[in-house]
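Report on one structure; see the data block that follows.
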Amino acid sequence: GGGRSSARETIGRVAAGAVAKKLLKMKSGTE
């Protein structure tokens with residue numbers, strides 16, 4: 522894979538992880 526494609530994959534994974542953490546915080550907060 523190229524540097525740009527791998528960078529996009531990393532950004533996507535980081536973004537997904539951030540969203541997951543936010544959802545977990547919201548769930549734990551409401552519960």
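All residue numbers for the sequence shown refer to my numbering, where the first residue is 522 and numbers rise by one. Backbone N, C-alpha and C fix where the C-beta goes; we use that ideal spot for every residue, glycine too.
CB-CB under 7 angstroms to T531, same chain, minus the five flanking residues each way: which ones, in chain order? Locating residue 531 in the sequence shown gives position 10, counting from the first residue. Contacts found: none.
Measuring straight from C-alpha to C-alpha, what distance separates K577 and E552? No answer is possible for residue 577: the residues shown for the chain start at 522 and end at 552.
Can you give me the C-alpha to C-alpha distance between S549 and S527, rounded to a whole angstrom? Counting from one through the sequence shown, the residue named residue 549 turns up at place 28. Counting from one through the sequence shown, the residue named residue 527 turns up at place 6. Looking at the two C-alpha atoms, the distance is approximately 33 angstroms.
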